[in-house]
Structure formats: structure tokens, C-alpha cells
Amino acid sequence: MLELEAVGPFSWIASDGSPPRLFDVPEGRKCGIYLFTVPTAEGNSIYWVGQTSQPIRSRLATHSREFLAGTYNVLDVADLHVGKRTKWLRSRWPSRKRLAFS
Numbered sequence: 027m028l029e030l031e032a033v034g035p036f037s038w039i040a041s042d043g044s045p046p047r048l049f050d051v052p053e054g055r056k057c058g059i060y061l062f063t064v065p066t067a068e069g070n071s072i073y074w075v076g077q078t079s080q081p082i083r084s085r086l087a088t089h090s091r092e093f094l095a096g097t098y099n100v101l102d103v104a105d106l107h108v109g110k111r112t113k114w115l116r117s118r119w120p121s122r123k124r125l126a127f128s
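Shown next, in the form of C-alpha cells:
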């Protein structure tokens with residue numbers, strides 16, 4: 027039988043009232059399965075599941091670089107909160123927003 031231990035929550039980016047950043051806690055040095063979640067009216071909803079054999083904080087650093095490079099899809103957070111998965115299309119972003127993420 028496979029036993030799993032769930033720990034968290036942790037945040038990716040610090041903000042007031044957010045859980046501790048995964049980069050700053052011992053659990054971030056471990057490898058394993060990680061879930062990206064967002065609070066909804068029904069509870070937390072999983073919108074991404076990842077698995078890594080490297081420290082999770084290293085994998086999140088790679089995710090950060092890929093998001094900023096435009097390699098990954100950016101999801102509309104307001105839509106995630108209501109259970110809808112909507113990709114932002116960079117081609118439809120205002121020019122100043124595209125510049126900010128270039």
C-alpha cells in the first residue's frame with residue numbers, strides 16, 4: 027500500500043495573510059507531488075498537479091521562469107475562483123501588458 031503525507035498549504039508568492047512561501051520552508055527542499063490550488067465557494071480547487079524528482083522549490087523556480095518567458099499558459103485567476111479554467115491569450119493583451127511580461 028502506498029502512503030501519502032499531505033503538508034501545507036504553502037504559497038508561491040508572499041502576500042499579507044498568505045501561507046508561508048514554499049521557498050522558505052523545509053518542505054520546499056523535498057521532492058514529490060505538488061498541487062496548485064485556488065479557493066472557491068466549495069473549497070480549494072486543484073488546477074495543476076506536478077511531480078518532481080528535484081526539490082519542489084527548484085521546480086517552482088523553473089515554473090516561474092517559464093511563466094515569465096511566456097512559455098506557459100497564464101490562467102485568469104478570477105475565473106479559477108469560480109471553477110472556470112480560462113487561458114489569457116497574450117495576443118489579446120494590451121500592448122503595455124505585453125511589454126510588462128516581455
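Okay, so the sequence shown: first residue is 27 according to the numbering used here, each after it adds one. Glycine is no exception: its CB is placed at the ideal position from the N, C-alpha and C atoms.
Counting C-beta neighbours from all protein chains within 10 Å, is the total for residue i 16 or more, i.e. buried, or is it exposed?
| i | result |
| --- | --- |
| PHE111 | Reading off the sequence, residue 111 comes out as Arg, not Phe. By the neighbour-count rule (16 or more Cβ atoms within 10 Å), ARG111 is not buried but exposed. |
| ARG83 | buried |
How big is the Cα-Cα spacing for residue i and residue j?
| i | j | result |
| --- | --- | --- |
| GLU29 | TYR60 | 15 Å |
| ARG47 | TRP74 | 18 Å |
| SER79 | ALA104 | 32 Å |
Am I right that residue i and residue j are in contact with their C-beta atoms under 8 Å? What's the rounded C-beta distance?
| i | j | result |
| --- | --- | --- |
| THR63 | ILE72 | 5 Å |
Would DSSP call residue i helix, strand or coil?
| i | result |
| --- | --- |
| THR112 | coil |
Output the boundary residues of the alpha helix (DSSP H) element that contains residue i.
| i | result |
| --- | --- |
| PHE93 | 82-95 |
| LEU106 | 103-107 |
Residue i lies in the beta strand (DSSP E); which residues open and close that run?
| i | result |
| --- | --- |
| VAL75 | 69-78 |
| LEU61 | 58-66 |
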